[in-house]
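K.L.:
Here it is, the structure, as structure tokens.
In this note's numbering, the protein residues as written are 304 to 597.
This is the structure we're talking about:
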């Protein structure tokens, strides 16, 4: 995989492939576009700093599709994030076409449509988030985001085999984590199971060496904790962090962070990935793990 400061998520890497992206767009819009009708116009480094999980496509029907995969629980700020993304997209379109905003002639822009693909077992099958909910008073600014949870039975899963297969792959991983497997073991088992059932078979064969790196980097820490430590570790950590805040004990917060680092490492996450997640030097992570041995 190319050595970069950022990495695409597995979702973005998969659905950046034209044959898969057009299939997904047709499922979302209920259209019959071909790969020649779709142009990938995804912006660089707009919504997330380290891991890219956003996609944007321009269709021959002059629609601008903005799509985000989100693994954590429902994020009510998605409409605001989409608005900021849309502004940057329109800036790019205006600049690339040398449009003059001060002329009287109306500038025609692609019609935006916003979607979030949730991969969280607790999210609803389908929901709509509205930018208007961010305001206390009435507004004329409207932006709705349609959210689908592909880990639950869903109409778009039925319309897109690739999306269905992607959801199956994630469910294989989650199932193995719940059985006590490390993240590395869970991903390896999921790849084997998917190859047996020809789920994402071509994609996994072509990119087998990259799949673990992509999924390990993007795999949401909250999901990992919930899947691997359902016996109360997460509640204990949250309680400890709250207790530390209430009593103002820096040592309490530090101890909680150490326990989380150890738990992540035991789940198969690399030192490099943990360091990025908790924003500490790798040397500090290694020292915490070394101290745990004694």
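Each residue gets a CB set at the ideal place from its N, CA and C atoms; glycine is no exception.
Can you tell me which residues form a DSSP beta bridge with residue 366?
P.N.:
414.
K.L.:
Evaluate residue 380 with the Cβ neighbour count: other Cβ atoms within 10 Å of its Cβ, from every protein chain shown; 16 or more gives buried, anything less gives exposed.
P.N.:
Answer is exposed; the Cβ neighbour count stays below 16.
K.L.:
Evaluate contact between the segment 392–411 and the segment 443–463, counting only Cβ atoms and requiring at least three cross-stretch pairs below 8 Å.
P.N.:
With the cut-off at 8 Å, the segment 392–411 and the segment 443–463 do not touch.
K.L.:
So, with DSSP's three-state summary, where would you put residue 311?
P.N.:
Residue 311: strand per DSSP, three-state reduction.
K.L.:
I'd like to confirm the pairing. Which residues does DSSP put opposite residue 450 in its beta bridges?
P.N.:
Looking at the DSSP assignment, residue 450 forms a beta bridge with 419 and 430.
K.L.:
Compute the Euclidean distance between the alpha carbons of residue 596 and residue 579, then round it to the nearest angstrom.
P.N.:
Rounded to whole angstroms, residue 596 to residue 579 spans 23 Å at the Cα level.
K.L.:
Less than 8 Å between C-beta atoms, sequence neighbours within five positions excluded: which residues of the same chain meet that for residue 470?
P.N.:
The residues are 422, 453, 454 and 460.
K.L.:
Can you say whether residue 339 is buried or exposed, counting buried as having 16 or more other CB atoms within 10 angstroms of its CB?
P.N.:
When all chains shown are included, residue 339 counts as exposed.
K.L.:
Just to confirm before moving on: does the CB-CB distance between residue 315 and residue 358 stay below 9 Å?
P.N.:
Their beta carbons are under 9 Å apart, which means residue 315 touches residue 358 by this criterion.
K.L.:
From which residue to which residue does the beta strand (DSSP E) around residue 342 run?
P.N.:
Where residue 342 is concerned, the enclosing beta strand (DSSP E) stretches over 341–343.
K.L.:
Report yes if the C-beta distance between residue 370 and residue 331 is below 9 Å; otherwise report no.
P.N.:
In contact: residue 370 and residue 331 (Cβ atoms closer than 9 Å).
K.L.:
Ordered along the chain, which non-local residues of its own chain (more than five positions away) have a Cβ less than 8 Å from that of residue 574?
P.N.:
Closer than 8 Å at the Cβ level, and outside the excluded window around residue 574, lie 568, 585, 588, 589 and 592.
K.L.:
Would you kindly work out how many angstroms separate the C-alpha atoms of residue 360 and residue 343, rounded to a whole number?
P.N.:
Rounded to whole angstroms, residue 360 to residue 343 spans 5 Å at the Cα level.
K.L.:
Starting from the C-beta of residue 415, find all residues in its chain whose C-beta is less than 6 Å away, skip the five residues before and the five after it, and write them out in chain order.
P.N.:
Answer for residue 415: 367 and 389, listed in chain order.
K.L.:
Could you give the first and the last residue of the continuous alpha helix (DSSP H) run that contains residue 465?
P.N.:
464–481 is the span of the alpha helix (DSSP H), which, as asked, contains residue 465.
K.L.:
By a C-beta neighbour count over all protein chains shown, 10 Å radius and 16 as the cutoff for buried, is residue 456 buried or exposed?
P.N.:
So residue 456 counts as exposed.
K.L.:
Using 9 Å as the threshold, is the C-beta distance between residue 341 and residue 328 below it?
P.N.:
In contact: residue 341 and residue 328 (Cβ atoms closer than 9 Å).
K.L.:
Pick helix, strand or coil for residue 518, following the three-state DSSP scheme.
P.N.:
Correct three-state label for residue 518: helix.
K.L.:
May I ask you to report which of helix, strand or coil DSSP gives residue 333?
P.N.:
Reduced to three states, the DSSP call for residue 333 is coil.
K.L.:
Could you check which residue in 417, 345 and 476 has the C-alpha nearest to that of residue 448?
P.N.:
Measuring from the Cα of residue 448, the nearest candidate turns out to be 417.
K.L.:
Measuring only the C-alpha atoms, how far is residue 406 from residue 474?
P.N.:
Using only the alpha carbons, I get a separation of about 53 Å.
K.L.:
Less than 9 Å between the beta carbons of residue 424 and residue 477, yes or no?
P.N.:
It is a contact, given that the beta carbons lie within the stated cut-off.
K.L.:
Return the chain-ordered list of same chain residues with a C-beta closer than 7 Å to the C-beta of residue 445, the five sequence neighbours on each side being excluded.
P.N.:
Cβ within range, chain order: 434 and 435.
K.L.:
Which stretch, first to last residue, makes up the alpha helix (DSSP H) that contains residue 383?
P.N.:
Note, residue 383: alpha helix (DSSP H), 381–399.
K.L.:
Give the single residue among 437, 509 and 429 whose Cα lies nearest to the Cα of residue 383.
P.N.:
Residue 383 has its Cα closest to that of 437, out of 437, 509 and 429.
K.L.:
Report yes or no: is there a C-beta of chain B within less than 9 Å of the C-beta of residue 371?
P.N.:
Annotation note: the requested chain B is absent from the structure, which comprises a single protein chain.
K.L.:
Let's test the definition: count the other Cβ atoms within 10 Å of the Cβ of residue 482 and tell me whether it reaches 16, buried, or not, exposed.
P.N.:
That one is exposed.
K.L.:
Tell me whether residue 349 sits in a helix, a strand or coil according to DSSP, three-state version.
P.N.:
Its pLDDT being 47, under 50, residue 349 is placed unreliably by the model, and nothing is read from it.
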